[in-house]
Ligand code: ATP
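Numbering (the working numbering), first residue to last: 52 to 376.
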């Protein structure tokens, strides 16, 4: 009903309440209620007595109905829960997963109060400007494969951003999207598993979309699509574009069980490939020349003594020699 209504109203002409009621086979009162519902999501709807309703703009709308109106997926995001505010969308998905929710459930929030980064760090998601989204997956592959999903999501976020903004994002291994050397997307994959069996995986993605300025602590390393592109973007379109790309990429990944289908693209857009890096490993940091990732997502680094090593993302961060990238 909501999708049919937004489709009907998006033809840029007035449609009377009676016409809508007849077309959708519902009462006038149900039409009025549905219009109010999509208005609350931010749809700008004009209502003129005697003429009816017209959709003026959906650029600012951000919610379940607007996101789903842009989805082209079969199973991902067809069940989608939207939160004006929540602690963390990853935690929301975990809770639902524990209660038996099916693969494909997506949680999206306007604001997170306890957004998480890797290794207990925080991810800032103030309200009204960003996307926080998490997807529930129940893969049949073995648990050691799951961390690569972070990279599948990185590729998907890159493709979604490119499609909606025309900007050229890059990837900082393993899990950040950067533009002009600053971070605009963070990805956190969490898993519940037995040694040889995955209960579920949650891939969480935070995107800085329309942020105008950042807190002092992250100003130097953070950016938003608005700051890079000079205009505001529809968060619903972008959320849907990322989900659309992720479903396609996930299916390809699942078929192969490695990153073979993506490593070429990943490496061509990886800011670390071909550069000197400092690998900050809790077991001992070292420097070297990064080549790019292998099909398992490990970063191939040639140490200064000539030894080639494959760095596993788990506990490790990399930095460029003169800054974040
Ligand atoms: P690295 O690999 O570079 O060490 P990471 O990918 O492990 O970083 P994450 O855990 O993904 O980092 O992100 C958490 C960090 O990102 C925080 O410690 C903070 O410095 C920074 N940060 C927090 N919120 C944002 C945001 N909205 N935009 C950009 N950076 C942020």
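Glycine is no exception: its CB is placed at the ideal position from the N, C-alpha and C atoms. Here the structure is a predicted model, which is why all the values come from computation and not from measurement.
193 is the residue among 376, 295, 193, 164 whose C-alpha sits nearest the C-alpha of residue 245. Fully contained in the segment 138-219 are the following alpha helix (DSSP H) runs of length 4 or more, in chain order: 140-149, 200-216. For the pair of segments examined, the segment 137-154 was found to touch the segment 234-252: the number of CB pairs separated by less than 8 Å reaches three. Put simply, of 121, 116, 95, 70 the residue whose alpha carbon is nearest the alpha carbon of residue 102 is 70. Closest in alpha carbon position to residue 342, among 349, 324, 255, is 324. For residue 239, the distance from the CB to the nearest heavy atom of the ligand ATP is below 7 Å.
Counting along the chain, residue 368 sits inside the beta strand (DSSP E) bounded by residues 368-371. Its Cα nearest to that of residue 250, the residue 147 stands out among 64, 147, 79, 370. With a cutoff of 8 Å on beta-carbon distance, residue 106 and residue 118 are scored as not near each other. Considering only 78, 231, 104, the residue with the shortest C-alpha distance to residue 90 is 104. The C-beta distance from residue 234 to residue 272 rounds to 6 Å, short enough to meet the 8 Å contact threshold. Following the DSSP letters along the chain, one finds residue 55 inside the alpha helix (DSSP H) bounded by residues 53-60. In this model, residue 74 and residue 64 are separated by some 15 Å (Cα to Cα).
By the criterion of at least three beta-carbon pairs nearer than 8 Å, the segment 157-177 is not in contact with the segment 208-223. In the three-state DSSP reduction, residue 322 falls in the coil class, being neither helix nor strand.
In this structure, the C-beta of residue 374 stays at least 7 Å away from each heavy atom of the ligand ATP. Between the ligand ATP and residue 174, a heavy atom-to-CB distance of less than 7 Å is present. Inter-residue distance for residue 200 and residue 215 is about 22 Å (C-alpha atoms, whole angstroms).
The beta carbon of residue 55 sits closer than 7 Å to the beta carbons of 75 from its chain, once the five residues preceding and following it are set aside; these are given in chain order.
Rounded to whole angstroms, the separation of the alpha carbons of residue 207 and residue 375 is 22 Å. The Cβ neighbour count for residue 172, taken over all protein chains shown within 10 Å, is under 16; the residue is labelled exposed. Here DSSP, grouped into helix, strand and coil, assigns residue 317 to helix.
Short note on residue 368: C-beta closer than 7 Å to some heavy atom of the ligand ATP. Per the C-alpha coordinates, the member of 189, 114, 133 positioned closest to residue 149 is 189. Closer than 7 Å to some heavy atom of the ligand ATP: that does not describe the Cβ of residue 142.
Excluding residues up to 5 positions away in sequence, 131, 133 lie with their Cβ nearer than 6 Å to the Cβ of residue 115 in the same chain.
Membership of residue 227 in the beta strand (DSSP E) is indicated by the continuous run 227-230.
The beta carbon of residue 156 sits closer than 7 Å to the beta carbons of 130, 144, 147, 187 from its chain, once the five residues preceding and following it are set aside; these are given in chain order.
When the alpha-carbon of residue 230 is set against those of 276, 300, 330, 369, the nearest one is in 276.
The beta carbon of residue 169 sits closer than 7 Å to at least one heavy atom of the ligand ATP.
In the pairwise beta carbon analysis, the segment 366-373 is classified as touching the segment 315-335: at least three pairs are separated by under 8 Å.
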